[in-house]
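Residue numbers (my numbering): 11 to 219.
Worksheet: one structure, shown below.
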Amino acid sequence: TVLPFPHLSHTTTLSSPVTPPQNTFQMGNTLCCLGSCCLSSSISSTTRLTRSLSSKLPSPISTRLQISSAALNLNLSRLLYASILLISFILAILLRNDFFGVFQKISINGSYEKTCHFIFETLNSTCDGNFMVMRISFVCFVFFLVHMVLASYPMGFLLTPRIQLILQYNGFCLKVPVILFMFIIAFFIPNQFFLGYGWVALLARAVFI
C-alpha cells in the first residue's frame with residue numbers, strides 16, 4: 011500500500027510546552043503600580059492647585075476662559091504623563107526580552123539571562139532581564155515622585171500655586187530629556203541596589219493594590 015503523503019508516515023514527537031517562569035512580568039506590574047500611584051497623586055494635587063487659582067481670578071469672563079484653558083492644559087499634561095508611562099512599560103518589556111537579541115550580541119559573557127526564580131535570595135544571580143525592568147521602574151518612580159512632591163500641600167509654603175502649576179503643566183521639552191538621561195544613568199547603578207529596591211517595590215505595590 012502506497013501512502014498518499016509519504017512524509018507524514020513517520021511518528022512526530024511533540025515536546026512538552028515550556029512553562030514560563032512565575033515572575034515573568036512581576037516587575038512590569040510594579041512599574042505600572044508605582045508609576046500610576048505617583049501619577050494619580052500628582053494629578054490630584056494639580057487639580058487642587060487649579061481650583062485654588064480659579065477662585066482668585068477677578069472677572070467672571072476671564073475666570074471661564076482661564077478655567078477652560080487650565081482644564082485643557084490639565085488634560086494635555088495627563089496625556090503626556092500617561093504617554094511617558096506607556097512608553098516606559100513598552101521599553102521595559104523589550105528590555106526584559108533581550109530587545110530582539112541585541113543584548114545577546116553585545117553582552118560581555120555572550121549570554122543574556124532574561125529571568126531567574128530566586129532573584130531576591132542571592133547576589134550572584136545574573137537576572138539581566140529582571141534588573142532591566144527594575145531600572146525602568148526605578149526611573150519612573152523617581153520621576154513621578156518628584157512631581158508629586160512639587161505639587162504637594164507642604165510645598166505650597168515654599169512655592170506659589172502658580173509656580174506649582176507651571177512645574178506640572180509646562181516644561182515637557184525639558185522633562186523628556188531629563189527622564190532619558192535618568193534612563194542612561196540607571197544602567198550604571200549596580201544590581202545590588204535593585205535587589206533592595208525590589209523589596210520596596212513589592213511592598214509599595216501591595217499598599218497600592
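Built from N, CA and C at the ideal position, the CB exists for glycine as well.
Nothing here was measured: the structure is a model prediction, and the numbers come from that model.
**Q.** Three-state class that DSSP yields for R74 in the structure shown
**A.** Counting from 1 along the sequence shown, the entry for residue 74 is found at position 64. Residue placement at R74 is flagged as unreliable, the pLDDT there being 49, under the threshold of 50; the coordinate-derived value follows with that caveat. Correct three-state label for R74: helix.
Q) Is it a yes or a no for the region 197-209 touching the region 92-110, going by three-plus beta-carbon pairs under 8 Å? A) The region 197-209 and the region 92-110 do not touch, with fewer than 3 CB-CB distances between them shorter than 8 Å.
Q.
Among the candidates L160, V159, F151 and I103, whose CA atom is the shortest distance from the CA of D138?
A. Residue 138 sits at position 128 when you count from the first residue of the sequence shown. Nearest to D138 by alpha-carbon distance, out of L160, V159, F151 and I103, is I103.
(Q) Less than 6 Å between C-beta atoms, sequence neighbours within five positions excluded: which residues of the same chain meet that for I189? (A) As a position in the sequence shown, residue 189 is number 179, starting the count at 1. Taking I189 as the centre and dropping the five residues before and after it, the same chain places the C-beta of F153 closer than 6 Å to its C-beta, in chain order.
Q.
For the ligand GDP, I want to know if R172 counts as a neighbour, meaning its beta carbon is within less than 7 Å of at least one of the ligand's heavy atoms.
A. Among the components of this structure there are no ligands whatsoever, and the ligand GDP is therefore not found.
**Q.** For C183 and T218, the rounded distance between their alpha carbons
**A.** Here residue 218 refers to the residue found at position 208 of the sequence shown. Here residue 183 refers to the residue found at position 173 of the sequence shown. Reading off the sequence shown, one finds Phe at residue 218, where the question assumed Thr. Their backbone Cα atoms lie some 30 Å apart in a straight line.
Q: Give a yes or no on whether the minimum CB-CB distance between G166 and chain C is below 8 Å.
A: The structure shown has no chain C; it contains just one protein chain.
Q: Return the CA-CA distance between L205 and L155, expressed in angstroms with no decimal places.
A: The residue given as residue 205 occupies position 195 in the sequence shown. The residue given as residue 155 occupies position 145 in the sequence shown. Whole-angstrom Cα-Cα distance: 20 Å.
Q: Would you tell me roughly how many angstroms separate the C-alpha atoms of A214 and R172, rounded to the nearest one?
A: In the sequence shown, the residue the question calls residue 214 occupies position 204. In the sequence shown, the residue the question calls residue 172 occupies position 162. Distance between A214 and R172, taken at the CA atoms: about 31 Å.
Q: Could you check if S147 is buried or exposed, using at least 16 other CB atoms within 10 Å of its CB as the buried criterion?
A: Here residue 147 corresponds to residue number 137 of the sequence shown, with the count starting at 1. So S147 ends up on the buried side.
Q) How should Y91 be labelled, buried or exposed, when 16 other C-beta atoms within 10 angstroms of its C-beta is the threshold for buried? A) As a working mapping, residue 91 is identified with position 81 in the sequence shown. Y91 is buried by the Cβ-count criterion.
Q) Candidates L96, C150, I100 and A161: which alpha carbon is nearest I176's? A) Position 166 of the sequence shown holds residue 176. Checked all of L96, C150, I100 and A161; the closest Cα to I176 is A161.
Q: Report yes if the C-beta distance between L144 and Y207 is below 8 Å; otherwise report no.
A: In the sequence shown, the residue the question calls residue 144 occupies position 134. In the sequence shown, the residue the question calls residue 207 occupies position 197. Looking at the sequence itself, residue 144 is Met, so the reference to Leu does not match. Yes, these two residues count as a Cβ contact at 8 Å.
Q) Among C150, N140 and N85, which residue has its Cα nearest to the Cα of S98? A) If you number the sequence shown from 1, residue 98 lands on position 88. The shortest Cα separation from S98 among C150, N140 and N85 belongs to C150.
Q: Starting from P187, follow the alpha helix (DSSP H) in both directions and report where the run begins and ends.
A: Walking along the sequence shown from the start, residue 187 turns up at place 177. That run of the alpha helix (DSSP H) goes F182 to A196.
Q: May I ask you to report which of helix, strand or coil DSSP gives N85?
A: What you label residue 85 is simply residue 75 of the sequence shown in a count that begins at 1. In the structure shown, N85 sits in a helix (DSSP, three-state: H, G or I).
Q) Hey, quick one: how far does the alpha helix (DSSP H) through M158 stretch, first residue to last? A) As a position in the sequence shown, residue 158 is number 148, starting the count at 1. Run containing M158: D138 to L160, per the alpha helix (DSSP H) assignment.
Q) Quick one: Cα of T170 to Cα of P164, how far? A) Residue 170 sits at position 160 when you count from the first residue of the sequence shown. Residue 164 sits at position 154 when you count from the first residue of the sequence shown. Roughly 11 Å separates the two Cα atoms.
(Q) At the level of alpha carbons, what is the spacing between L212 and N140? (A) Position 202 of the sequence shown, counted from the first residue, corresponds to residue 212. Position 130 of the sequence shown, counted from the first residue, corresponds to residue 140. Looking at the backbone, the Cα of L212 and that of N140 are separated by about 14 Å.
Q. Whose CA, out of I94, S93 and M142, lies closest to the CA of I195?
A. As a position in the sequence shown, residue 195 is number 185, starting the count at 1. The shortest Cα separation from I195 among I94, S93 and M142 belongs to M142.
Q) If we ignore side chains and look at the alpha-carbon of each, how far apart do L86 and F197 end up? A) Working through the sequence shown from its first residue, we reach residue 86 at position 76. Working through the sequence shown from its first residue, we reach residue 197 at position 187. In a straight line, the C-alpha of L86 is about 30 Å away from that of F197.
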